[in-house]
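Chains as they are written, first to last, in the working numbering: chain R, 1 to 408; chain F, 409 to 816.
Don't be surprised by glycine CBs; every beta carbon is placed ideally from N, CA and C.
Reading through the structure tokens given below for one structure.
2 protein chains.
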Amino acid sequence: MDFFNTKSIEEVYEEIDKRVDNYNIDSEEIMLIDAIGRISAEEVKSREIVPSFTRSTVDGYAVSCKDTFGASSTIPSMLSIVERIDMGEAPKREIKSGEASYIPTGGMLPKGADSVVMIENAEELDDQTIMIYKAVSDGSNILRRGDDISENSILIEKGKAITAYDIGVLASQGIEKIRVFRKLKFTIISTGDEIVDIDDDIKSGQIRDINSYVIASDLINMNHEVVDRLIIKDEYEKLREAVKKGIDNSDMVLISGGSSVGTKDYTSDVINELGKDGVFVHGISIKPGKPTIIGEAKDKFVFGLPGHPASSIIIYNIVVKSSIRKVLGMEEKEKFAYCKLDSNFPSSSGKTTYQMVKVYEKKGELYAKPVFGKSGMISLISKADGYIKIDSDEEGIYEGAVRKVIYI
Amino acid sequence: MDFFNTKSIEEVYEEIDKRVDNYNIDSEEIMLIDAIGRISAEEVKSREIVPSFTRSTVDGYAVSCKDTFGASSTIPSMLSIVERIDMGEAPKREIKSGEASYIPTGGMLPKGADSVVMIENAEELDDQTIMIYKAVSDGSNILRRGDDISENSILIEKGKAITAYDIGVLASQGIEKIRVFRKLKFTIISTGDEIVDIDDDIKSGQIRDINSYVIASDLINMNHEVVDRLIIKDEYEKLREAVKKGIDNSDMVLISGGSSVGTKDYTSDVINELGKDGVFVHGISIKPGKPTIIGEAKDKFVFGLPGHPASSIIIYNIVVKSSIRKVLGMEEKEKFAYCKLDSNFPSSSGKTTYQMVKVYEKKGELYAKPVFGKSGMISLISKADGYIKIDSDEEGIYEGAVRKVIYI
Chain R
1 MDFFNTKSIE
11 EVYEEIDKRV
21 DNYNIDSEEI
31 MLIDAIGRIS
41 AEEVKSREIV
51 PSFTRSTVDG
61 YAVSCKDTFG
71 ASSTIPSMLS
81 IVERIDMGEA
91 PKREIKSGEA
101 SYIPTGGMLP
111 KGADSVVMIE
121 NAEELDDQTI
131 MIYKAVSDGS
141 NILRRGDDIS
151 ENSILIEKGK
161 AITAYDIGVL
171 ASQGIEKIRV
181 FRKLKFTIIS
191 TGDEIVDIDD
201 DIKSGQIRDI
211 NSYVIASDLI
221 NMNHEVVDRL
231 IIKDEYEKLR
241 EAVKKGIDNS
251 DMVLISGGSS
261 VGTKDYTSDV
271 INELGKDGVF
281 VHGISIKPGK
291 PTIIGEAKDK
301 FVFGLPGHPA
311 SSIIIYNIVV
321 KSSIRKVLGM
331 EEKEKFAYCK
341 LDSNFPSSSG
351 KTTYQMVKVY
361 EKKGELYAKP
371 VFGKSGMISL
381 ISKADGYIKI
391 DSDEEGIYEG
401 AVRKVIYI
Chain F
409 MDFFNTKSIE
419 EVYEEIDKRV
429 DNYNIDSEEI
439 MLIDAIGRIS
449 AEEVKSREIV
459 PSFTRSTVDG
469 YAVSCKDTFG
479 ASSTIPSMLS
489 IVERIDMGEA
499 PKREIKSGEA
509 SYIPTGGMLP
519 KGADSVVMIE
529 NAEELDDQTI
539 MIYKAVSDGS
549 NILRRGDDIS
559 ENSILIEKGK
569 AITAYDIGVL
579 ASQGIEKIRV
589 FRKLKFTIIS
599 TGDEIVDIDD
609 DIKSGQIRDI
619 NSYVIASDLI
629 NMNHEVVDRL
639 IIKDEYEKLR
649 EAVKKGIDNS
659 DMVLISGGSS
669 VGTKDYTSDV
679 INELGKDGVF
689 VHGISIKPGK
699 PTIIGEAKDK
709 FVFGLPGHPA
719 SSIIIYNIVV
729 KSSIRKVLGM
739 EEKEKFAYCK
749 LDSNFPSSSG
759 KTTYQMVKVY
769 EKKGELYAKP
779 VFGKSGMISL
789 ISKADGYIKI
799 DSDEEGIYEG
809 AVRKVIYI
């Protein structure tokens with residue numbers, strides 16, 4: 001591997017961008033109630049105007065506002081009640097000057113009315129007469145036809161991760177089904193002679209597989225599919241077979257370990273052997289995560305992640321997840337916060353540094369505390385809430401500086 | 409309903425707290441790989457020390473640091489290579505003064521060595537001799553036995569929502585299964601003569617059910633189970649039957665609509681009829697969301713949410729989700745950010761106001777923009793990123809003030 005030719009993280013994103021169009025992910029139509037977290041494969045426009053009629057937002061009396069002008073608790077306006085409107089029914093009577101109709105919250109405004117007096121500001125003298133104690137203006141306490149959703153407006157953009165609120169908007173339209181991208185398929189391979197699986201006995205010099213569990217469960221959480229999760233010894237043939245099968249069965253192959261400058265480094269050779277373009281990123285000038293390789297075989301991305309859990313997880317977050325978003329045409333939308341650093345953060349000049357942090361609150365301010373440790377440590381990651389990116393031209397950041405924390 | 413006896417949101421939380429112990433949710437043991445997003449029902453302690461042996465964090469040469477003191481590119485230290493350590497194997501040779509062993513990243517440190525010189529800072533003269541160009545100190549480039557996870561340390565607290573990173577920590581321990589709380593079961597009922605389902609034709613005066621879709625998909629997203637989702641006309645008997653069945657089949661029943669001061673308000677009576685304590689919250693002094701009722705029947709919570717989507721969703725977020733967390737003994741952990749308000753935010757004095765906002769970034773600062781609109785509007789909600797809580801003794805907030813935004 002040519003480690004003297006590392007790329008910056010920005011160059012890596014450009015290389016990914018160049019090849020993203022090789023993907024052409026199918027879509028499928030699913031029921032709306034199953035769509036949470038899936039990625040919309042279509043732009044959805046409104047079909048129905050919401051509300052489809054002008055409706056009251058309170059319990060009260062539908063009136064023409066002119067009839068309430070000057071009304072107060074000492075000099076109320078007195079109006080005739082001409083109808084009691086039922087929920088879900090169209091009013092039968094038009095309101096004329098001097099008239100009012102009782103209307104429940106959500107009820108349809110009768111013709112001739114332009115506003116609603118809240119029940120708290122009115123009192124019925126008898127069945128036919130209502131006293132109004134407070135004036136209303138045109139449009140008070142009503143939601144006009146189309147106020148919420150107008151005709152032919154864009155409800156969901158293509159590439160949007162569908163939220164519960166999007167589902168509400170689509171439900172309001174009577175849209176029962178939505179076209180989403182199919183789940184992406186992944187093969188995750190952990191390599192290394194020292195790696196043993198969760199149910200194996202552990203011998204001296206060995207460690208348990210961690211990366212494939214973290215990455216697989218995060219992918220599943222994002223509604224993707226892990227078709228295979230394997231541990232492969234550092235043998236060229238075995239790795240080649242596993243990656244080949246992975247490329248055939250999945251959309252992306254993630255290999256962790258085996259990309260350091262060790263003697264048993266076959267990942268790069270395997271990717272190059274399996275197809276064009278082969279490896280196009282030989283190391284990234286970031287910390288942690290330098291020994292990352294990225295290649296393409298049969299138009300599919302193959303990522304060689306570092307073996308250290310903390311490094312592997314940073315690369316998964318900043319490179320793999322970003323590639324998934326690009327393949328599905330998703331917008332980059334991360335939850336983040338600006339936080340004050342509670343101590344000095346060192347960085348490696350010339351390399352973009354990603355520092356995991358814990359976020360906490362003190363006296364109405366958010367602080368970020370670095371989660372320090374060596375890159376092999378998994379316990380660190382589970383204590384972190386997010387990370388800070390320190391640019392390659394910075395020589396660390398001083399205590400008290402305010403920086404953006406990307407939540408993980 | 410006694411709307412002159414509304415409770416503050418703090419009082420509502422106290423009332424919920426008093427009754428949470430009536431729940432006793434069973435747990436189940438599941439495979440680790442399926443545990444993402446589930447709630448741990450046990451405190452999990454470490455079983456295995458990680459790493460179980462002192463290991464190298466780089467490719468290099470295991471040495472005694474004393475042997476490198478003073479080494480530089482002009483005056484290198486020269487050491488004898490006594491072994492090439494294999495990954496996953498225990499070293500066969502102890503290091504003595506003047507000796508070094510080649511060690512790969514993750515390899516087990518041999519006895520006698522206390523540090524590792526990176527491959528970049530060394531050069532092999534021949535098979536048996538290595539030149540060291542840079543001194544290392546005790547502990548350089550190694551991770552000591554137990555550095556990551558020590559014996560009997562707490563890995564997962566009871567009540568924690570399990571993340572991908574927690575799964576990594578448990579995998580490192582060979583913990584294949586974890587005990588989690590079973591999924592909570594919910595019945596969601598939308599009431600109202602004007603409400604029609606997603607696949608019905610819509611007539612004048614009617615609107616489609618929105619709330620049950622939003623809430624059901626959010627609950628499913630949190631790994632809970634929606635056993636029933638119903639639309640019930642405003643008829644006492646039908647509502648009573650639906651709520652009774654809901655209480656029998658689920659852990660909580662959510663009713664939306666039917667809790668306004670309208671003539672067809674049966675929710676309160678139904679809850680009171682079905683069992684103790686009956687309704688214990690008759691309205692909350694917040695905006696939006698005032699017409700909320702909360703009761704208990706057969707030791708289960710029944711929530712009467714407002715019918716307006718925006719109000720209903722606020723109450724779902726601040727009351728129902730908080731109750732779920734309490735029932736499962738989860739810590740309150742919300743993602744939030746401090747944002748500068750980009751305009752004046754009015755509020756209702758005497759009521760805690762929840763203002764939905766959109767979060768955006770400008771020149772390295774986060775801003776919150778109010779998503780204004782009437783409480784019946786669903787389109788607003790899907791545009792919001794979170795909400796700001798304005799306390800009851802505030803009379804609104806001025807542009808430029810910095811406030812906490814809770815992400816939804």
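> Can a CB atom of chain R be found closer than 9 Å to the CB of K759/F?
Replying inline: The residue you call residue 759/F lines up with position 351 of the second sequence. No, K759/F lies away from the interface with chain R (no Cβ there is under 9 Å from its Cβ).
> How big is the Cα-Cα spacing for S260/R and D522/F?
Replying inline: What you label residue 260/R is simply residue 260 of the first sequence in a count that begins at 1. What you label residue 522/F is simply residue 114 of the second sequence in a count that begins at 1. Because S260/R carries a pLDDT of 49, less than 50, the predicted location of this residue cannot be relied on, and the following value inherits that uncertainty. Their Cα atoms are separated by approximately 22 Å.
>> Using 8 Å as the cut-off, can you tell me whether the stretch 77 to 85 of chain R makes contact with the stretch 147 to 156 of chain R, which would need three or more C-beta pairs spanning the two stretches below that distance?
In response: no
> Can you tell which of D391/R, G278/R, D59/R, G329/R has the C-alpha that lies nearest to the C-alpha of S8/R?
Replying inline: Within the first sequence, numbered from 1, the residue matching residue 8/R stands at position 8. The shortest Cα separation from S8/R among D391/R, G278/R, D59/R, G329/R belongs to D391/R.
>> Just verifying my parser: in three-state terms, what is the DSSP assignment at A35/R?
In response: Counting from 1 along the first sequence, the entry for residue 35/R is found at position 35. A35/R falls in the coil class under three-state DSSP.
> Which residues in chain F sit within 7 Å of Q206/R, going by Cβ to Cβ distance?
Replying inline: Within the first sequence, residue 206/R is the residue found at index 206, counting from 1. Chain F residues near Q206/R: G496.
>> Residues in the same chain with beta-carbon distance under 6 Å from T263/R, minus the five sequence neighbours each way, listed in chain order, please.
In response: Position 263 of the first sequence, counted from the first residue, corresponds to residue 263/R. In this predicted model, T263/R has a pLDDT of only 39, less than 50, meaning its place in the structure is not dependable; the value taken from the coordinates is given anyway. Answer for T263/R: no residue qualifies.
>> Strictly under 9 Å for the Cβ-Cβ distance: is K362/R near chain F by that measure?
In response: Residue numbering aside, residue 362/R sits at position 362 when the first sequence is read from its first letter. With 9 Å as the cut-off, K362/R does not count as an interface residue toward chain F.
> In angstroms, rounded to a whole number, what distance separates the CA positions of R240/R and V270/R?
Replying inline: Here residue 240/R is taken as the residue at index 240 of the first sequence, counted from 1. Here residue 270/R is taken as the residue at index 270 of the first sequence, counted from 1. Those two C-alpha atoms are separated by around 5 Å.
> Which residues mark the beginning and the end of the beta strand (DSSP E) in which R587/F is found?
Replying inline: In the second sequence, residue 587/F corresponds to position 179, counting from 1. First-last of the beta strand (DSSP E) with R587/F: 585 to 589.
> Is it true that the CB of M118/R sits closer than 9 Å to the CB of K92/R?
Replying inline: Within the first sequence, the letter at position 92 stands for residue 92/R. Within the first sequence, the letter at position 118 stands for residue 118/R. No, the pair does not count as a contact, with Cβ atoms beyond the cut-off.
> Is DSSP giving D126/R helix, strand or coil here?
Replying inline: Locating residue 126/R in the first sequence gives position 126, counting from the first residue. Note: D126/R maps to strand in three-state DSSP.
>> DSSP three-state label for V243/R, please.
In response: The residue given as residue 243/R occupies position 243 in the first sequence. Helix.
> How big is the Cα-Cα spacing for K404/R and L749/F?
Replying inline: Sequence index remark: in the first sequence, residue 404/R carries index 404 (1-based). Sequence index remark: in the second sequence, residue 749/F carries index 341 (1-based). Each residue's alpha carbon lies about 18 Å from the other.
>> If you reduce the DSSP assignment to three classes, tell me which class A310/R lands in.
In response: Position 310 of the first sequence holds residue 310/R. Helix, per DSSP.
>> Taking the alpha helix (DSSP H) that L736/F belongs to, which residues open and close that run?
In response: Counted from its first residue, the second sequence places residue 736/F at position 328. It is not in any alpha helix (DSSP H) - L736/F carries neither H nor E in the DSSP assignment.
> Using Cβ-Cβ distances below 7 Å, what residues of the stretch 610 to 635 of chain F are close to chain R?
Replying inline: I610, S612, G613, Q614, I615, R616, D617, I618, Y621, V622, A624, S625, D626, I628, N629
> Using Cβ-Cβ distances below 9 Å, what residues of the stretch 84 to 108 of chain R are close to chain F?
Replying inline: R84, I85, D86, M87, G88, E89, A90, P91, Y102, P104, T105, G106, G107, M108
>> Any beta carbon of chain R sitting closer than 9 Å to that of M749/F?
In response: Walking along the second sequence from the start, residue 749/F turns up at place 341. The sequence as given places Leu at residue 749/F; Met does not occur at that position. Chain R contact via Cβ: absent.
> Straight-line CA distance for I702/F to N619/F?
Replying inline: Start at 1 with the first residue of the second sequence, and residue 702/F comes out as number 294. Start at 1 with the first residue of the second sequence, and residue 619/F comes out as number 211. For I702/F and N619/F, the distance between alpha carbons rounds to 17 Å.
> Does the beta-carbon of N529/F have 16 or more other beta-carbons within 10 angstroms, so that it is buried, or is it exposed?
Replying inline: For the purposes of this step, residue 529/F is taken as the residue at position 121 of the second sequence. With 16 or more Cβ atoms within 10 Å of its Cβ, N529/F is classed as buried.
> Secondary structure at I557/F, three-state DSSP: helix, strand or coil?
Replying inline: Indexing the second sequence from 1 puts residue 557/F at position 149. Residue state, collapsed to three classes: strand.
> Using a Cβ-Cβ cut-off of 7 Å (strictly less than) and excluding sequence neighbours within five positions of F457/F, which residues of its own chain qualify?
Replying inline: Taking the first residue of the second sequence as position 1, residue 457/F is located at position 49. Per the sequence presented here, residue 457/F reads as Ile, with Phe not at that position. R553, G554, I557, S558, E559, listed in sequence order.
>> At the level of alpha carbons, what is the spacing between N344/R and S790/F?
In response: Within the first sequence, numbered from 1, the residue matching residue 344/R stands at position 344. Within the second sequence, numbered from 1, the residue matching residue 790/F stands at position 382. Each residue's Cα considered, the two are about 39 Å apart.
>> Let me make sure I understand the geometry here. Which of I220/R, T267/R, L219/R has the alpha-carbon closest to that of A242/R?
In response: By 1-based counting over the first sequence, the position of residue 242/R is 242. Ranking the options by Cα distance to A242/R, first place goes to T267/R.
>> Count Cβ pairs between the stretch 217 to 237 of chain R and the stretch 438 to 450 of chain F that sit closer than 8 Å; are there 3 or more?
In response: yes
>> Any beta carbon of chain F sitting closer than 9 Å to that of S179/R?
In response: For this step, residue 179/R is matched to residue 179 along the first sequence. Looking at the sequence shown, residue 179/R is not Ser but Arg. So no, R179/R is outside the interface.
> For T187/R, which option in I232/R, M330/R, I318/R has the closest C-alpha, if you only look at C-alpha atoms?
Replying inline: Translated into positions along the first sequence, residue 187/R becomes position 187. Of the candidates I232/R, M330/R, I318/R, the one whose C-alpha sits nearest the C-alpha of T187/R is I232/R.
> Where do the ends of the alpha helix (DSSP H) carrying K18/R lie?
Replying inline: Locating residue 18/R in the first sequence gives position 18, counting from the first residue. Unbroken alpha helix (DSSP H) run through K18/R: 9 to 20.
> Is S8/R near the ligand SAH, going by C-beta to nearest heavy atom under 8 Å?
Replying inline: The ligand content of the structure shown is nil, which means the ligand SAH is not present either.
> Assuming G98/R and Y621/F make a contact with CB atoms under 8 Å, what is their CB distance in whole Å?
Replying inline: Along the first sequence, one-based indexing puts residue 98/R at 98. Along the second sequence, one-based indexing puts residue 621/F at 213. 43 Å between Cβ atoms; not a contact.
> Just checking, does the stretch 702 to 722 of chain F make contact with the stretch 655 to 666 of chain F on the three C-beta pairs under 8 Å criterion?
Replying inline: yes
> G307/R touches chain F at which residues, Cβ-Cβ below 7 Å?
Replying inline: Here residue 307/R refers to the residue found at position 307 of the first sequence. Near G307/R (Cβ distances below 7 Å), the residues of chain F are T513, G514.
> Based on Cα-Cα distance, which residue from L305/R, Y387/R, E123/R, E361/R lies nearest to V371/R?
Replying inline: Translated into positions along the first sequence, residue 371/R becomes position 371. Taking only the C-alpha atoms, the option nearest V371/R is Y387/R.
> Can S548/F and V524/F be called in contact, C-beta distance under 9 Å?
Replying inline: In the second sequence, residue 548/F corresponds to position 140, counting from 1. In the second sequence, residue 524/F corresponds to position 116, counting from 1. Yes. Within cutoff.
> Using a C-beta to C-beta distance shorter than 9 Å, which residues of chain F count as neighbours of E48/R?
Replying inline: Here residue 48/R corresponds to residue number 48 of the first sequence, with the count starting at 1. The answer, in chain order, is I610, R616.
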